[in-house]
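Input: a single structure, listed below in structure tokens.
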Amino acid sequence: MDKVVTADQALAGVRDGATLAVGGFGLCGIPSTLIAALHEAGTTRLEVVSNNCGVDDWGLGLLLSDRRIRRVTGSYVGENKEFARQYLAGELEVELCPQGTLAERLRAGGCGIPAFFTPAGVGSQIADGGLPWRYAADGAVAVSSPAKEVRTFRGVDHVLEEAIVTDFALVAAAKGDRHGNLVFDKSAQNFNPLCAMAGRVTIAEVQELVEPGEIDPAHVHLPGVFVQHVVYAPDVEKRVEKTTVTEAAVGVES
1 MDKVVTADQA LAGVRDGATL AVGGFGLCGI PSTLIAALHE AGTTRLEVVS NNCGVDDWGL
61 GLLLSDRRIR RVTGSYVGEN KEFARQYLAG ELEVELCPQG TLAERLRAGG CGIPAFFTPA
121 GVGSQIADGG LPWRYAADGA VAVSSPAKEV RTFRGVDHVL EEAIVTDFAL VAAAKGDRHG
181 NLVFDKSAQN FNPLCAMAGR VTIAEVQELV EPGEIDPAHV HLPGVFVQHV VYAPDVEKRV
241 EKTTVTEAAV GVES
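Position 203 of the sequence shown, counting from 1, maps to 203 under full-length UniProt numbering, and the rest follow consecutively.
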């Protein structure tokens, strides 16, 4: 039951072309230790499912800048200029979907639900098809999204969305035990539990590692049944995606 391994051991099975669900929102709650180890391993042609793709020099942006990612499924381009450039230049395939839909697609995948109906996206290219997934070098649309089934429930149209299941999931938690039970810190929880559920093999990096039984069962955010490997990462570098205060406001007490 002891699931603790090194990052290299945990990622040994991640081959070129693998699909990954990666937790985080912006730079909050990202598994930066695992991403750095995957970058060092040289794995390429990855298909990533994540809310966004980091920034130009951190998080998934490290893999993106070295052309290690072939396809991204997410809901937000964010502050990553290289992400936008590769997409518009036809170098990267991108499937954009509503943020709540992305969250539910991941959760459904973890629960064994193959698909579900949602009103989000009805009347747009999300449902009607034609959303650019990949551009050609000349700017024309090379690959576009297909039309999806729409059905009416109680007088309201809903679009059918398929669940997401990936080969691997990379997530980050504030605390975990050797059995893989995880506790997240406030908003750093974000997409992490959902990604963990969607991965066939889930790898969790934890800042604090404790022994089984030390976490009150009532405080467990994600049970260890969803986690196959635990990586102890106590010295994680945390970066701020975008500061929202002026220099004059820094250090000023309210």
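We put the beta carbon where it would ideally sit given N, CA and C, even for glycine.
Quick caveat, the model's predicted, so the values are computed rather than measured.
Check, Outcome
"In angstroms with no decimal places, state the Cα-to-Cα distance between residue 144 and residue 95.", "9 Å"
"Whole angstroms are fine: how far does the CA of residue 210 sit from the CA of residue 159?", "44 Å"
"When DSSP builds the beta bridges, which residues end up paired with residue 25?", "28"
"Under a Cβ-count criterion, where at least 16 other Cβ atoms within 10 Å of its own Cβ denotes burial, should residue 111 be classed as buried or exposed?", "exposed"
"Just to confirm, is the Cβ distance from residue 27 to residue 55 under 9 Å?", "yes"
"Which of the three DSSP states, helix, strand or coil, is assigned to residue 192?", "helix"
"Mind checking which residues open and close the beta strand (DSSP E) that includes residue 172?", "166 to 177"
"For residue 3, collect the residues of the same chain with a Cβ closer than 7 Å to its Cβ; drop the 5 residues on either side in sequence, then sort them by chain order.", "178, 179, 180, 227, 228, 229, 230"
"Report the CB separation of residue 89 from residue 199 in whole angstroms; it is logged as a contact under 8 Å.", "That belief does not hold up - the Cβ atoms of residue 89 and residue 199 are roughly 30 Å apart, past 8 Å."
"Taking three-plus beta-carbon pairs below 8 Å as touching, is the stretch 201 to 218 in contact with the stretch 230 to 241?", "yes"
"Three or more C-beta pairs closer than 8 Å, one from the stretch 159 to 170 and one from the stretch 74 to 91: is that the case here?", "no"
"Taking C-alpha atoms, which residue in 189, 72, 92, 59 lies nearest to residue 164?", "72"
"Compute the Euclidean distance between the alpha carbons of residue 58 and residue 37, then round it to the nearest angstrom.", "13 Å"
"Given this structure, state the Cα-to-Cα distance separating residue 62 from residue 69, to the nearest angstrom.", "10 Å"
"Quick check: the Cα distance between residue 33 and residue 152, rounded to an integer number of angstroms?", "45 Å"
"Helix, strand or coil: how does DSSP classify residue 187 here?", "helix"
"With H, G and I counted as helix, E and B as strand and the rest as coil, what does DSSP make of residue 104?", "helix"
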